[in-house]
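Student: Please find one structure pasted underneath; my questions will follow.
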């Protein structure tokens, strides 16, 4: 399989952690990508009209995206339980994934607003609205995330969300006001898949 | 069940069509909502930190979102096949759903740029980038959508995408350059679930 890769995309990270947890990372070749909402990468667009990373090319030549679809596909071919087979457990896992993806979507929109958009077009209310979403998500995760449930796609997504806040939103200092989440993230970061680093071959 | 409702949200429409196809629409009570990225609806935020529609409250009091999670939940409780049980068919369906959601995400961002954001902060390159995504998706759907495959969540999503373009992007005149998609949409629009209209009780 081949994966359009960006070293800083939290959604690419989510897919790669998922693949590593499933024992599939050696089967995925990383492809260079320069995806941006305003300068579209035509090598990706040729496979995925949205021109986004992550995009996976399966061994059968099918292009799969977005991260949710890729992760579920990888889980299926590994016949694993990151998407639990029990329905109630699955709803819980995919709901947590949706909240984590929502945190990331909001964080990315805030990032595009403050770093991609020319300064003169910055609309502070938009950025504030997105950051408010991030904060509401953090408060919810603080109250509802426990480390003792079975490991699943929701946990991977949340961890990628927190790692992205560390990368781009240092100023939020999320650990200071979320002690349970801080502890949870420390624990989950010990997993081999989270410690691993990915890069393109030279 | 209860669903935070907006009459113009394409994602709410997707959930309601899904529910109707599954014979579940009579079991869903619609709740008023005023979700906006900059003025967050606190009645939704109390249940869903992202403050977005659609948000479903199950009979057990669990809040589920986003549209993908809600549709899969409804499909599961109806024990139906809008998310096919066969894995290969499911990958195909959820990949098509992801492309349709991607079209909608891009269309909504373009809409926010041109109608929600104050004119002086409009960044044309951003709007153009999003509309380019919509056009790439349409071209892909034109080449790859056939009406003879089994009906699934991907078809519902695409139809909601096209209906949203009719509602907000008249100027794109998508039918003119996508004759196969135009025919496909005419056919699928004949389904009872697509013709139905939803509104809040007085």
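Protein chains in written order, with my numbering: chain A, 1 to 202; chain B, 203 to 404. Here a beta-carbon is modelled for each residue, glycine too, at the ideal position from N, C-alpha and C. Predicted model only: the values in this text are computed from it and were never measured.
1. Of all the residues that make up the segment 125-150 of chain A, which are near chain B by a beta-carbon distance shorter than 8 Å?
2. Can you give the Cα-Cα distance for residue 156/A and residue 18/A, rounded to whole angstroms?
3. Is the segment 309-326 of chain B touching the segment 273-293 of chain B in the sense that three or more CB pairs, one from each, lie closer than 8 Å?
4. Please report the distance separating the alpha-carbon of residue 233/B from that of residue 403/B.
5. Does the CB of residue 78/A have a neighbour CB from chain B at under 8 Å?
6. Go through the segment 289-364 of chain B residue by residue and report every complete run of the beta strand (DSSP E) that reaches 3 residues or more, in order.
7. Just grab the DSSP bridge partners of residue 231/B for me.
8. Alpha carbon to alpha carbon, how far is residue 261/B from residue 41/A? Give it in angstroms, no decimals.
9. Report yes or no: do three or more beta-carbon pairs, one from the segment 7-26 of chain A and one from the segment 60-72 of chain A, lie closer than 8 Å?
10. Does the separation of the CB atoms of residue 246/B and residue 206/B fall below 8 Å?
11. Taking C-alpha atoms, which residue in 229/B, 361/B, 240/B, 308/B lies nearest to residue 392/B?
12. Using CA atoms only, rank isn't needed, just tell me which of 264/B, 320/B, 298/B is closest to residue 348/B.
13. Taking the straight line between their C-alpha atoms, what separation do you get for residue 337/B and residue 47/A?
14. Measure the beta-carbon distance from residue 15/A to residue 33/A and round it to whole angstroms, keeping in mind my assumption that it falls under 8 Å.
15. Are residue 178/A and residue 116/A close, meaning C-beta to C-beta below 8 Å?
16. How would you write the range of the alpha helix (DSSP H) that residue 57/A sits in, first residue to last?
17. DSSP three-state call for residue 78/A: helix, strand or coil?
18. I believe residue 268/B touches residue 301/B by the beta-carbon criterion, under 8 Å. Please report the beta-carbon distance rounded to the nearest angstrom.
19. Report the residue from 151/A, 123/A, 91/A whose alpha carbon sits nearest the alpha carbon of residue 82/A.
20. Report the rounded CA-to-CA distance for residue 215/A versus residue 174/A, giving the unit in angstroms.
21. For the segment 349-374 of chain B, which residues have a beta carbon sitting closer than 9 Å to at least one beta carbon of chain A?
22. Based on DSSP bridge pairs, tell me the residues matched to residue 64/A.
23. Which residue's Cα is closest to the Cα of residue 355/B: 291/B, 258/B, 367/B?
24. Counting only C-beta atoms, is residue 27/A closer than 8 Å to chain B at any point?
25. Return helix, strand or coil for residue 165/A, following the three-state DSSP convention.
26. Could you name the residues of chain B that residue 111/A contacts, counting a contact when the two beta carbons are closer than 8 Å?
27. Does the CB of residue 389/B have a neighbour CB from chain A at under 8 Å?
28. Name the two residues that bound the continuous alpha helix (DSSP H) containing residue 248/B.
29. Please state if the CB of residue 142/A and the CB of residue 180/A are separated by a distance shorter than 8 Å.
30. What does the alpha-carbon distance come out to for the pair residue 325/B and residue 331/B?
31. Which residue marks the beginning of the alpha helix (DSSP H) containing residue 214/B, and which one marks its end?
32. Go ahead and pull the three-state DSSP assignment for residue 381/B.
33. Mind checking if residue 285/B is an interface residue toward chain A, Cβ cutoff 8 Å exclusive?
34. Whose C-beta lies closer than 7 Å to the C-beta of residue 144/A among residues of the same chain, with five residues either side of it excluded?
35. Can you list, in chain order, the residues of its chain whose CB lies under 6 Å from that of residue 370/B, leaving out five sequence neighbours each side?
Tutor: This is what the structure gives:
1. 125, 126, 128, 129, 130, 132, 133, 136, 137, 139, 140
2. 7 Å
3. no
4. 9 Å
5. no
6. none
7. 204/B
8. 45 Å
9. yes
10. yes
11. 361/B
12. 298/B
13. 14 Å
14. Actually they are not in contact, since the Cβ atoms of residue 15/A and residue 33/A sit about 13 Å apart, beyond 8 Å.
15. no
16. Not the alpha helix (DSSP H): residue 57/A falls in the beta strand (DSSP E), residues 55-57.
17. coil
18. Going by Cβ atoms, the distance from residue 268/B to residue 301/B rounds to 16 Å, so no, they are not a contact pair.
19. 151/A
20. Nothing in the structure corresponds to residue 215/A, since chain A is present only between 1 and 202.
21. none
22. 56/A
23. 291/B
24. no
25. helix
26. By Cβ distance, chain B contributes nothing, its closest Cβ being about 13 Å from residue 111/A, past 8 Å.
27. no
28. First-last for residue 248/B: undefined, no H or E at that position.
29. yes
30. 10 Å
31. 212-223
32. helix
33. no
34. none
35. 313
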